[in-house]
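See below for the structure under consideration.
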Amino acid sequence: MKNKEKTEKITETTPDEEASKEMLPLNHLKEAVVAQYGDDARLILDSIDEVEAILLRREARAKGEFDDAKAIIHLSGLSKKYESAGMTPVDALKEVDLSIVQGEMVAVIGPSGSGKSTLLQMMGALDVPTSGGARINFQELSEMNTKELTQFRSQTVGFVFQKFNLIPNLSALENVSIAMESTKMNRQERRSRAAELLKEVGLGKRMSHLPGQLSGGEQQRVSIARALANHPKIIYADEPTGSLDSKTSRTIIQLFDTIRRDFNTTIIIVTHNHTIAKHCDRTVKIKDGRIK
Ligand SMILES: Nc1ncnc2c1ncn2[C@@H]1O[C@H](COP(=O)(O)OP(=O)(O)OP(=O)(O)O)[C@@H](O)[C@H]1O
Ligand SMILES: [Mg+2]
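According to numbering that gives the first Met the number 0, the sequence shown is numbered sequentially starting from 0.
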């Protein structure tokens, strides 16, 4: 009888009350703060959460509590030698081991010619290593068939190329919307998402321009918008702010931050900019094809 009374009491509570009971005291407090101080407070609290997550990840790494099986990017003994007739072979990457977990933001720094772009190309399945393995998004790239690789390149990863790689005879809007051609979105949806992304990178007024009619920094931002189009799980950005002024660079890094927070996206940024590197969870240094 006592038990029955107890059950009845519990079922009498409203769904809201139930939800609040299950909430951790800290979450409760956060909701109360947001209710009182509005969306700005939510932004501040989200940033605090983000910093906390970064610190926890750093701590786990420092303690060696890092399970490679959980790494979304896992390279083992990966080497790349460029060889062609009449050319001295180049060992661009030598026995690289690297693990990155989902949601990490990692800076890759190193001198010119040290292998940074080659590293991104290997991780993005844009080229094949000479030896060693690359397991990305929990699948060995060498075991994927052509169809799976095409899908991987267009859906799983987003690439911001060092040289932008925009299609010269397509407008900024078309360059971004073409990235979504293999999705289920119809033309109108693709164009409207492309327009939204271009606005986010500050190019709302340049959508109909061809790449040749855009400045270097503007082309770079089109290439960033294109990389984000399909909500990739991993973003490889090869010096994404190399042609941008410091204010626009900040906007782009803030955009990456937001994407990471909202979608737990893993972001690898090749950069020479130490402010950006410091902003990342950690820095991977590369020299003469080796990770330091
Ligand atoms: N397709 C290629 N054929 C032959 N050698 C290449 C090729 N691509 C790159 N290399 C060589 O491999 C090495 C690494 O090149 P990579 O482009 O990865 O350097 P990087 O670190 O990105 O340099 P940067 O900072 O100048 O962009 C360099 O010595 C380069 O000359
Ligand atoms: Mg490069």
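Glycine is no exception: its CB is placed at the ideal position from the N, C-alpha and C atoms. All of these numbers come straight from a predicted model, not from anything done at the bench.
Whole angstroms is fine: what's the gap from residue 129's alpha carbon to residue 254's?
35 Å
Thinking just about the alpha-carbon of each residue, which of 154, 88 and 196 is nearest to the one in residue 171?
196
Per-residue DSSP class, three states only, for residue 121
helix
So is the beta-carbon of residue 81 under 8 Å away from any non-hydrogen atom of ligand 1?
yes
Any heavy atom of ligand 2 closer than 8 Å to the Cβ of residue 95?
No, Cβ of residue 95 sits at least 8 Å from all heavy atoms of ligand 2.
Could you pull out every residue in the same chain whose Cβ sits closer than 8 Å to the Cβ of residue 91, ignoring the five residues on either side in sequence?
79, 80, 81, 114, 117 and 288
Residue 84: buried (16+ other C-beta within 10 angstroms of its C-beta) or exposed?
exposed
Could you compute how far the alpha carbon of residue 147 sits from the alpha carbon of residue 45?
36 Å
Considering only DSSP beta bridges, list what residue 73 is partnered with.
98 and 134
Assuming residue 107 and residue 285 are in contact, meaning their beta carbons sit under 8 Å apart, how far apart are those beta carbons, in whole angstroms?
6 Å
Three-state class that DSSP yields for residue 8 in the structure shown:
For residue 8, the predicted structure reports a pLDDT of 41, less than 50, and the residue's modelled location is therefore unreliable. The matter cannot be settled from this model.
Is DSSP giving residue 248 helix, strand or coil here?
DSSP places residue 248 within a helical segment (H, G or I) once states are collapsed to three.
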